[in-house]
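Peer 1:
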DNA sequence: GTCTATATATTGATAGAC
DNA sequence: GTCTATCAATATATAGAC
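Chains as they are written, first to last, in the working numbering: chain A, 297 to 484; chain B, 297 to 484.
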């Protein structure tokens, strides 16, 4: 197998396992088993667990950038784009119920561990934050755009934590409806 | 040292360490060192790590019940009590910035681990949920009281996750202000 | 590039002396 | 009730054959 393909498989498996089980609870053996590699060969591709985490975060950053670009091309209006973000708690509802928000849970875990890569992980939030701020600016709310962006982010995290804890889909729907109403007051 | 006192010390130390560093990242050795006990003697008091976690959750449940009773005696009105809860993200602002919400982060970690005691930990949320629902019922919003209670809980979790990630106190203040405005529309 | 074998540290947990 | 000594399992990580 070519090096690039194996590396990609490792990052994919690690990404999924870190999300489903948490970073610390995932061992090299788990990732190696998921890819079908021996533990020994693993270090040919990544020299440390931090290196894998770094690659996973990079992959998530790239994936997020791609998703935001798609949203921009699919949704012509800024409020449509913000709504697309808000509805992610429904779109990814099953995953969030089972594993929480991939961005929030990773940041919480790395912050608590005092991990050196927490700054990198925070970048995932910053990506959404800046993008949301841009949409609110386009809606004519430049002065409070960052505040509004953070409010939308807080919504997503609050819903994700409680959805993960209580596994109640109706609660998620009600919160999205509430957010839709709130958002309509900021529409052009 | 008497058995009860040592046990209490262990639970206190474990409670703090589980909060600050996470459950899985905290080892027996860490707790034993914090209390000043040898690892060996540890098992005289608790036979497993799960048993300590169980005791910690029980202690938190008792502490939370006590706090809610205090709030009830200090705040005569239901909206004053709800506001007391909302402002906890400011009252405990420093801790939340450093370690997140003790209830939310524990629930997220245990849910992801698929830990048998996640149900117990969920009880911490349920305690707040039921108490908030009662306050909203007293305000005359019986039919949607649980929905409103969950909304307030979601607020607290969203703010806690982002405060933990970005360590921005001004953001917390703005969110509390927003919540105060929202709450005023449900006041008698 | 992949494997087996191994080193080293730490984990949760036990046995038995005092 | 507290200690030291120890166990078995698992963790990250390395060495070297193929």
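Quick reminder that beta carbons are idealized off the backbone N, C-alpha and C, glycines included.
1) Would residue 407 of chain B count as contacting chain A if we go by Cβ distances under 9 Å?
2) Does residue 446 of chain A get closer than 9 Å to chain B when you measure Cβ to Cβ?
3) Is it the case that the segment 452 to 461 of chain A contacts the segment 439 to 452 of chain B, given that we only count it when at least three CB pairs across the two stretches are under 8 Å?
4) For the alpha helix (DSSP H) holding residue 431 of chain A, just list the boundary residues, first then last.
5) Going by DSSP, what residue range makes up the alpha helix (DSSP H) through residue 333 of chain A?
6) List the whole-angstrom C-beta distance separating residue 399 of chain A from residue 420 of chain A, where the pair is believed to meet the contact cut-off of C-beta under 8 Å.
7) If you measure between the beta carbons of residue 505 of chain B and residue 314 of chain B, is that distance less than 9 Å?
8) Name the chain B residues that come within less than 8 Å of residue 320 of chain A, Cβ to Cβ?
9) So which residues of chain A does residue 566 of chain B contact, with C-beta pairs closer than 8 Å?
10) How far does the alpha helix (DSSP H) with residue 403 of chain B in it extend, from its first residue to its last?
11) Answer yes or no: do residue 338 of chain A and residue 381 of chain A have a C-beta to C-beta separation smaller than 9 Å?
12) If you compare alpha carbons, which of A:427, A:402, A:432 is closest to residue 418 of chain A?
13) Which of the three DSSP states, helix, strand or coil, is assigned to residue 350 of chain A?
14) Cutting at 7 Å between CB atoms, please list the residues of its own chain near residue 330 of chain B, excluding the five before and the five after it.
15) Would residue 335 of chain A pass as a contact of residue 325 of chain A if the rule is Cβ separation under 9 Å?
16) Secondary structure at residue 476 of chain B, three-state DSSP: helix, strand or coil?
17) So, do the segment 431 to 443 of chain A and the segment 435 to 448 of chain B have three or more beta carbon pairs nearer to each other than 8 Å?
18) Taking residue 411 of chain A as the query, report the chain B residues whose CB atoms sit under 7 Å from its CB, ordered along the chain.
19) Hey, how far is the Cα of residue 340 of chain A from the Cα of residue 332 of chain A?
20) Is residue 381 of chain B helix, strand or coil by DSSP?
21) Suppose contacts are defined by Cβ-Cβ distances below 9 Å. Is residue 317 of chain B in contact with residue 408 of chain A by that definition?
Peer 2: The short version:
1) yes
2) Yes, contact with chain B.
3) At 8 Å Cβ cutoff, the stretches touch.
4) 414 to 434
5) In the DSSP assignment, residue 333 of chain A falls outside any alpha helix (DSSP H), carrying neither H nor E.
6) 5 Å
7) A query on residue 505 of chain B cannot be resolved here, the shown segment of chain B reaching from 297 to 484 and no further.
8) By Cβ distance, chain B contributes 318, 320, 321.
9) Nothing about residue 566 of chain B can be read from this structure; chain B reaches only from 297 to 484.
10) 398 to 409
11) 9 Å or more divides the Cβ of residue 338 of chain A from the Cβ of residue 381 of chain A.
12) Nearest C-alpha to residue 418 of chain A among A:427, A:402, A:432: A:402.
13) helix
14) 309, 313
15) Yes, Cβ-Cβ distance for residue 335 of chain A and residue 325 of chain A is below 9 Å.
16) helix
17) no
18) The premise fails here: residue 411 of chain A is roughly 10 Å from chain B at the closest Cβ pair, so nothing lies under 7 Å.
19) 14 Å
20) Of the three classes helix, strand and coil, the one that applies to residue 381 of chain B here is helix, per DSSP.
21) yes
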